[in-house]
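K.L.:
Take a look at this one; I'll ask things after.
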């Protein structure tokens with residue numbers, strides 16, 4: 009009995025910091041409708057700022073005061089970010105908002121590296137709270153008991169703020185109906201700024217509170233991010249009681265999972281998330297999204313037309329020059345060009361899903377990494393030749409997409425996106441923990457091409473043929489009846505259904521088709537590198553593809569592969585510098601605010617201005 013009680017208390021203590029961060033994210037989404045992927049960065053800043061203040065402020069008063077001041081400082085930083093960056097993209101489609109927050113992540117990562125350095129910082133012990141207390145014979149850290157006591161206090165203060173103050177009334181009203189709040193004359197700008205600052209302050213406070221338990225490091229933003237989103241989605245986006253309930257549920261399950269199911273700990277959280285969203289697609293205490301409430305990818309400005317002969321001639325010439333690269337390029341150029349081609353196909357597959365079907369997926373890496381692991385496993389465990397592995401990789405990824413799409417498409421909007429993320433993370437956790445079959449964190453190495461394709465030039469031509477063919481198939485499909493039907497279902501699902509189009513089936517087919525193309529890119533990737541690791545399934549890989557789609561232009565058919573080429577080549581160049589993330593983040597924010605139509609869209613606009 010004592011063991012169970014100790015595990016429950018540990019889970020409740022872990023839920024403390026998690027609730028702080030999740031409640032802030034839930035508040036921000038409820039009012040602004042922005043899915044703030046930079047929330048983990050504010051959590052990290054709270055930890056670093058709190059650590060710095062604790063070195064300056066003495067005694068117990070200084071220790072606890074440093075935590076509060078860290079939360080306030082992060083809130084001020086959050087207000088600055090909202091006013092300077094996010095305020096410009098509130099009216100934009102949700103993809104632009106997501107990419108803007110990802111740009112903030114990149115900037116904060118390098119700024120933290122510049123200020124605090126690469127070394128992990130060990131958090132100081134809380135004054136007077138060192139050691140443990142034995143409860144029913146089991147040791148429980150004293151600081152855990154403080155966290156258990158502090159969390160309900162913070163929850164009560166939040167409840168009082170939201171229910172008993174004018175600011176809270178406006179927050180609740182904006183959560184229910186933003187348009188009506190604006191129509192009543194409320195200054196939404198300051199309401200959004202205040203809410204965003206409060207949410208960031210809570211994240212910063214959560215980061216400072218966990219210092220005695222874990223310290224501060226440069227990876228903690230992504231470490232907490234997935235757990236926080238799981239909590240917010242399970243509880244219901246915009247619901248503070250739901251965030252608290254889900255924090256306790258996930259934390260307690262995690263503690264017992266470590267004790268009884270150590271091989272399934274990473275997967276358990278995402279299994280719970282999938283189960284909850286299948287039962288209640290809008291979370292335990294969330295509300296169903298109103299149609300059109302969240303930002304959409306949106307239709308293109310002009311109807312999609314086949315490229316004219318000047319564009320076809322230019323593309324054909326560029327492809328001919330690229331195909332001849334082995335005759336004039338170096339080995340390094342061939343390897344880089346192969347990487348670019350593979351990434352272009354991966355990005356084009358996600359672009360098809362976003363642009364044609366209007367489905368925003370946070371887990372597209374599941375199919376890219378799934379195709380890579382499928383090919384590697386076929387070679388390693390089934391003795392399959394490269395040719396068979398490349399044939400089966402997209403088929404397996406397509407079947408995987410069919411299964412994931414069958415579940416995920418039951419939800420809409422951000423809940424659909426989070427379900428795709430949950431499945432991607434579930435696959436990542438399985439690959440990570442099933443070491444005897446997948447290699448675990450060590451990955452799978454020695455997966456080389458067949459002898460006839462072992463040379464850089466031959467493999468480049470193989471990748472060129474398959475990737476260009478895949479991109480052309482995606483483009484042709486956009487002009488085929490399936491593409492027209494998908495755009496009709498994207499722009500007005502109710503009208504499309506009324507005309508007899510099977511909207512759900514169309515989206516399911518598009519999801520599987522895009523997954524298969526991503527799987528082909530993954531299969532090529534594993535033979536190009538000779539290895540594959542779990543990070544090809546991580547959320548960061550999906551974010552790379554989202555940035556690429558935005559960079560090229562969502563509302564253009566060429567946006568995916570153009571963005572992929574620019575991104576892959578640019579990152580290869582930028583990573584030679586120490587603070588390359590800062591430069592990339594600033595570039596992303598520059599495009600978000602000044603050229604939201606992307607590279608292809610900007611070039612098209614320029615062409616229309618200069619042509620006679």
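In our numbering, the protein residues as written are 9 to 620. Positions of the beta carbon are idealized from the N, C-alpha and C atoms, including for glycine.
#1: What residue range is occupied by the uninterrupted alpha helix (DSSP H) comprising residue 589?
#2: Taking DSSP's pairing of strands, which residues face residue 141 in a bridge?
#3: In the DSSP assignment, find the unbroken alpha helix (DSSP H) run with residue 477 in it and report its ends.
#4: For the alpha helix (DSSP H) containing residue 552, name the first residue and the last one.
#5: Please specify which runs of the alpha helix (DSSP H), each continuous and at least 4 residues long, are wholly inside the segment 311-385, giving them in chain order.
#6: Whose C-alpha, out of 419, 122, 25, 523, is nearest the C-alpha of residue 283?
#7: Taking the Cβ atom as the reference point for each residue, do residue 285 and residue 427 lie within a distance shorter than 8 Å?
#8: For residue 2, report the span of its alpha helix (DSSP H) as first-last.
#9: Three-state secondary structure (DSSP) at residue 308?
#10: Apart from the five residues on each side of it in sequence, which residues of its chain come closer than 7 Å, Cβ to Cβ, to residue 349?
#11: Distance check for residue 84 and residue 204, CA to CA, integer angstroms please.
#12: Report the option in 530, 522, 491 whose CA atom is closest to the CA atom of residue 511.
#13: Helix, strand or coil: which one does DSSP assign to residue 426?
#14: Less than 8 Å separating the beta-carbons of residue 36 and residue 207?
#15: Excluding the five sequence neighbours on either side, which residues of its own chain have a C-beta within less than 7 Å of the C-beta of residue 166, listed in chain order?
#16: I'd like to confirm the pairing. Which residues does DSSP put opposite residue 129 in its beta bridges?
#17: Can you find at least 3 beta carbon pairs, one from the segment 136-146 and one from the segment 228-245, that sit closer than 8 Å?
#18: Specify the secondary structure class of residue 247 as computed by DSSP and reduced to three states.
#19: Compute the distance between the beta-carbons of residue 432 and residue 599, then report whether it is under 8 Å.
#20: Measure the CB-CB distance between residue 453 and residue 538 and report whether it falls below 8 Å.
#21: Per DSSP, residue 387 is paired with what?
#22: Considering only DSSP beta bridges, list what residue 540 is partnered with.
#23: Smallest Cα separation from residue 373: which of 395, 23, 540, 485?
#24: I'd like the list of long-range same chain contacts for residue 252, defined as Cβ closer than 6 Å, with 5 residues on each side in sequence excluded.
#25: How many whole angstroms separate the CB atoms of residue 16 and residue 260, which I take to be in contact at a CB cut-off of 8 Å?
#26: Give me the residue from 89, 269, 577 with the minimum Cα distance to residue 351.
#27: Along the chain, where does the alpha helix (DSSP H) containing residue 273 start, and where does it finish?
#28: Could you tell me if residue 338 is buried or exposed, where buried requires 16 or more neighbouring beta carbons within 10 angstroms of its beta carbon?
#29: Residue 501 to residue 590, Cα distance in whole Å?
#30: I believe residue 219 touches residue 132 by the beta-carbon criterion, under 8 Å. Please report the beta-carbon distance rounded to the nearest angstrom.
P.N.:
Based on what the coordinates show:
#1: 588-602
#2: For residue 141, which the question treats as bridged, DSSP gives the partners 148.
#3: 464-487
#4: 547-560
#5: Counting only runs of 4 or more, we get 317-331, 333-336, 339-363.
#6: 419
#7: yes
#8: With the chain represented from 9 up to 620, any question about residue 2 goes unanswered, as that position is not in the structure.
#9: No answer about residue 308 holds up, because its pLDDT of 45 lies below 50 and its placement is not dependable.
#10: Once the five neighbours on either side are set aside, the close Cβ partners of residue 349 are 471, 472, 475.
#11: 10 Å
#12: Looking at the Cα atoms, 491 is the closest of the given residues.
#13: Note: residue 426 maps to helix in three-state DSSP.
#14: yes
#15: Only 31, 248 meet the Cβ criterion.
#16: 224
#17: no
#18: coil
#19: no
#20: Cβ atoms of residue 453 and residue 538: closer than 8 Å.
#21: Beta-bridge annotation (DSSP): residue 387 is not paired with any residue.
#22: DSSP lists 452 as partners of residue 540.
#23: The shortest C-alpha to C-alpha distance from residue 373 to any of 395, 23, 540, 485 is the one to 540.
#24: 27, 163
#25: 6 Å
#26: 577
#27: 273-287
#28: Exposed: under 16 other Cβ atoms inside 10 Å.
#29: 40 Å
#30: 7 Å
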